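Enquirer: What follows is a single structure, and I will ask about it in a moment.
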Amino acid sequence: MPAVTAPTTKKHIVLLAYEAWGHTRPLCVLAARMVKSHAVDITFFTTQNYFIRVNAELRRSFQPEEAHLLALIRVIALVNEGATPLDSAKLDANFAEAYRRLVAQEPVTCAHSNAVHQPLDKPAAAILDFFCVKPCESIREAGHNAKIFAWFSAAASSIFFLWGPVHLGGKGDVTDMVEAEASRTGRPPAQVADELLLGANGSVVRVPGLPPMYDYEVLATCDGILMSSPESYESECVAGVRKWYAETSRSAYACGPLLPEEGQSMSKEKDSSEKGAAIEKFLNTALQMHGPKSLVYISFGTFWWSPQPDKIWKFLDVLMDMKIPFIMSHASPLAAVPDAVRQKVEASGLGLLSPWSPQQTILAHPATAWFVTHGGHNSVIESVSCGVPMICWPFHADQPANAVHLTDNLHVAYELIEVRTGERGLKPIYRNGRVPKGTMEAVRDEARDVLAKAFGEDGKQKRENMERLQQAIAQAWQEGGPSQRAIIDLLDSC
1 MPAVTAPTTK
11 KHIVLLAYEA
21 WGHTRPLCVL
31 AARMVKSHAV
41 DITFFTTQNY
51 FIRVNAELRR
61 SFQPEEAHLL
71 ALIRVIALVN
81 EGATPLDSAK
91 LDANFAEAYR
101 RLVAQEPVTC
111 AHSNAVHQPL
121 DKPAAAILDF
131 FCVKPCESIR
141 EAGHNAKIFA
151 WFSAAASSIF
161 FLWGPVHLGG
171 KGDVTDMVEA
181 EASRTGRPPA
191 QVADELLLGA
201 NGSVVRVPGL
211 PPMYDYEVLA
221 TCDGILMSSP
231 ESYESECVAG
241 VRKWYAETSR
251 SAYACGPLLP
261 EEGQSMSKEK
271 DSSEKGAAIE
281 KFLNTALQMH
291 GPKSLVYISF
301 GTFWWSPQPD
311 KIWKFLDVLM
321 DMKIPFIMSH
331 ASPLAAVPDA
341 VRQKVEASGL
351 GLLSPWSPQQ
361 TILAHPATAW
371 FVTHGGHNSV
381 IESVSCGVPM
391 ICWPFHADQP
401 ANAVHLTDNL
411 HVAYELIEVR
421 TGERGLKPIY
431 RNGRVPKGTM
441 EAVRDEARDV
451 LAKAFGEDGK
461 QKRENMERLQ
471 QAIAQAWQEG
481 GPSQRAIIDL
491 LDSC
């Protein structure tokens with residue numbers, strides 16, 4: 001097996017995210033920013049499935065003359081044999097053993113390449129996906145006094161709702177409630193905890209920086225938390241997280257946006273899609289035939305998909321009826337595009353369907369006007385960074401909170417209401433009293449109305465608002481900017 005010898009520098013930082021690309025991709029950029037701003041070695045743990053993608057994403061952040069900095073990041077794949085990517089029991093166990101070897105300063109073998117990575121200094125800190133409960137325990141049990149930072153790649157507002165204290169809009173400590181309900185009903189504690197944290201009972205949620213909402217509209221053991229949000233995107237929420245963490249003498253850092261610099265990074269992203277060349281050609285054709293800011297890009301990320309996909313096809317029908325060119329990415333394993341839909345889109349000459357799309361490249365193209373998005377945090381920040389206003393179609397997690405913030409606070413987006421599904425999805429909206437109908441006719445009518453506004457004067461105003469927000473966020477990683485300072489402060493604290 002090949003041996004890899006790594007130089008020893010001042011500090012050794014360990015990174016781990018579970019197999020969710022929205023959590024992993026910005027962590028790649030964070031790793032690049034760290035080695036460019038500080039003397040550190042990084043061990044980046046990922047899965048066998050993500051090993052090649054993580055290395056490719058890391059390379060997007062480095063110029064050829066920066067190869068010596070890229071070499072400071074060693075990517076090590078661990079075996080993950082769960083039934084789903086987020087079934088992490090095997091990954092957790094393999095991380096525990098790999099981390100034990102790091103602390104013992106023993107070699108660690110990559111499960112993908114079989115490369116044997118030689119010992120570095122003991123880890124000074126670990127940055128773990130906020131789902132990584134077992135890995136956090138493993139680090140504590142290793143007996144080495146490394147700091148642990150939670151990696152939170154979602155909207156800061158959702159931190160409050162899921163884990164925050166009651167006085168800041170959260171549910172407080174649910175441990176006693178979980179134990180009592182599990183004892184009363186005989187149900188597994190994990191099931192009860194899921195219901196308490198992610199369920200809804202119709203109560204009103206009040207979170208810093210957001211309008212009050214019913215909780216069916218929204219969805220700690222670390223030494224600090226690292227948020228992928230730019231502070232200028234949700235300043236009140238970031239300030240609230242800092243205040244909350246300061247109550248227990250812990251730190252909170254906002255380090256977004258985490259996107260590779262433009263230039264060769266865009267061409268590398270395009271190459272990652274099997275339809276990259278076709279997408280580039282389609283964008284250029286749309287620009288030539290329909291003009292700048294004429295195209296709608298649709299993507300619900302790599303996981304989410306509507307449980308009522310007919311509503312998606314109805315939205316595409318409206319786009320075609322209105323002669324609006326579009327690209328739809330359908331990367332989710334839940335997505336199944338009927339042949340009839342494919343044929344209709346192809347025959348129209350207005351649309352392109354792709355299972356995997358170079359999103360940052362599409363958003364940066366002058367033909368792109370609007371982004372129809374689930375409102376996942378990485379997609380939102382990518383869109384803001386490119387100055388593209390949004391049409392939000394949220395499903396779960398932090399997506400409803402992002403949709404509210406973008407529409408009601410920042411005025412850079414529309415939210416589709418009639419696409420909501422399920423009993424709770426059709427309940428009243430707290431902030432305006434609207435009750436969705438949820439019918440196909442209502443979906444069609446709302447799509448026509450929103451798209452007409454988007455390409456009219458109202459949409460023009462939202463685009464101007466977005467351009468101002470884009471400029472504010474662009475300052476975060478300038479010399480001395482708040483995100484750059486946050487990373488330096490974090491590394492200095494280790």
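Just so we're aligned: 260 in the UniProt record's numbering is position 260 of the sequence shown, and the numbers increase by one with no gaps anywhere. Positions of the beta carbon are idealized from the N, C-alpha and C atoms, including for glycine. All figures in this text were calculated on a predicted structure; none of them were measured in a lab.
Within this structure, are the beta carbons of TRP393 and HIS374 separated by less than 8 Å?
Expert: By one-based count along the sequence shown, residue 393 stands at place 393. By one-based count along the sequence shown, residue 374 stands at place 374. Yes.
Enquirer: Answer yes or no: do GLY76 and HIS23 have a C-beta to C-beta separation smaller than 8 Å?
Expert: Within the sequence shown, residue 76 is the residue found at index 76, counting from 1. Within the sequence shown, residue 23 is the residue found at index 23, counting from 1. Checking the sequence, you will find Ile at residue 76 rather than Gly. No, Cβ-Cβ distance for ILE76 and HIS23 is not below 8 Å.
Enquirer: Please go through the same chain and pick out, in chain order, the residues whose beta-carbon is closer than 6 Å to the beta-carbon of LEU490, but skip the five residues on each side of it.
Expert: Position 490 of the sequence shown, counted from the start, is the residue given in the question as residue 490. Excluding sequence neighbours, LEU490 sits near TYR253.
Enquirer: Leaving out the 5 sequence neighbours to the left and right, which residues in its chain are closer than 6 Å to LYS275 when beta-carbon positions are compared?
Expert: The residue you call residue 275 lines up with position 275 of the sequence shown. Hits under 6 Å: SER354.
Enquirer: Our contact map puts VAL79 next to ASN94 with C-beta atoms below 8 Å; I'd like the distance itself, whole angstroms only.
Expert: Counted from its first residue, the sequence shown places residue 79 at position 79. Counted from its first residue, the sequence shown places residue 94 at position 94. Rounded, the Cβ-Cβ distance is 5 Å, consistent with contact.
Enquirer: Can you tell which of ALA331, THR361, GLU467, LEU283 has its C-alpha closest to the C-alpha of PRO325?
Expert: Here residue 325 corresponds to residue number 325 of the sequence shown, with the count starting at 1. When only C-alpha atoms are compared, the closest one is LEU283.
Enquirer: Using alpha carbons as the reference points, say which of SER329, PHE315, GLU467 lies closest to LEU451.
Expert: Counting from one through the sequence shown, the residue named residue 451 turns up at place 451. The residue with the shortest Cα to Cα distance from LEU451 is PHE315.
Enquirer: Nearest by alpha-carbon distance to GLY291: which of HIS112, ARG33, ALA369, LEU363 is it?
Expert: Numbered from 1 along the sequence shown, position 291 holds the residue referred to as residue 291. Of HIS112, ARG33, ALA369, LEU363, the residue nearest in Cα terms is ALA369.
Enquirer: What's the call for HIS68, buried or exposed, on a 16-neighbour Cβ count within 10 Å?
Expert: Translated into the one-based positions of the sequence shown, residue 68 becomes position 68. Under this definition HIS68 is an exposed residue.
Enquirer: Find the nearest neighbour of MET390 within the set GLU464, CYS237, GLY480, ILE13, judged by alpha-carbon distance.
Expert: Counting from 1 along the sequence shown, the entry for residue 390 is found at position 390. Nearest of GLU464, CYS237, GLY480, ILE13 to MET390, Cα basis: GLU464.
Enquirer: Mapping the DSSP letters down to three states, classify ALA370 as helix, strand or coil.
Expert: Counted from its first residue, the sequence shown places residue 370 at position 370. The sequence shown places Trp at residue 370, rather than the Ala named in the question. TRP370: strand per DSSP, three-state reduction.
Enquirer: Which partner residues of VAL14 appear in the DSSP bridge assignment?
Expert: Working through the sequence shown from its first residue, we reach residue 14 at position 14. The partner list for VAL14 (beta bridge, DSSP) reads THR43, ALA126.
Enquirer: Tell me which same chain residues have a C-beta within less than 7 Å of the C-beta of PRO260, skipping the five on either side of it?
Expert: Taking the sequence shown and counting its residues from 1, the one referred to as residue 260 is at position 260. Hits under 7 Å: VAL29, ARG60, SER61.
Enquirer: With DSSP as the reference, identify every bridge partner of MET227, one or two as the case may be.
Expert: As a working mapping, residue 227 is identified with position 227 in the sequence shown. Paired residue(s): PHE152, ALA254.
Enquirer: Nearest-angstrom Cα distance between GLU247 and GLY224?
Expert: Counting from one through the sequence shown, the residue named residue 247 turns up at place 247. Counting from one through the sequence shown, the residue named residue 224 turns up at place 224. Taking the straight line from one Cα to the other gives about 12 Å.
Enquirer: For VAL345, does the count of other Cβ atoms within 10 angstroms reach 16, so buried, or fall short, so exposed?
Expert: By one-based count along the sequence shown, residue 345 stands at place 345. Buried, since its Cβ has 16 or more Cβ neighbours within 10 Å.
Enquirer: Which one or two residues does DSSP pair with VAL437 in a beta bridge?
Expert: Here residue 437 corresponds to residue number 437 of the sequence shown, with the count starting at 1. Note that residue 437 corresponds to Lys in the displayed sequence, not to Val. Answer is none; LYS437 lacks a bridge partner.
Enquirer: Can you list, in chain order, the residues of its chain with a C-beta nearer than 6 Å to that of SER251? Leave out the 5 residues immediately preceding and following it.
Expert: As a working mapping, residue 251 is identified with position 251 in the sequence shown. Hits under 6 Å: GLY224.
Enquirer: Pick helix, strand or coil for ALA454, following the three-state DSSP scheme.
Expert: Looking up residue 454 in the sequence shown gives position 454. The answer is helix: DSSP assigns ALA454 an H, G or I state.
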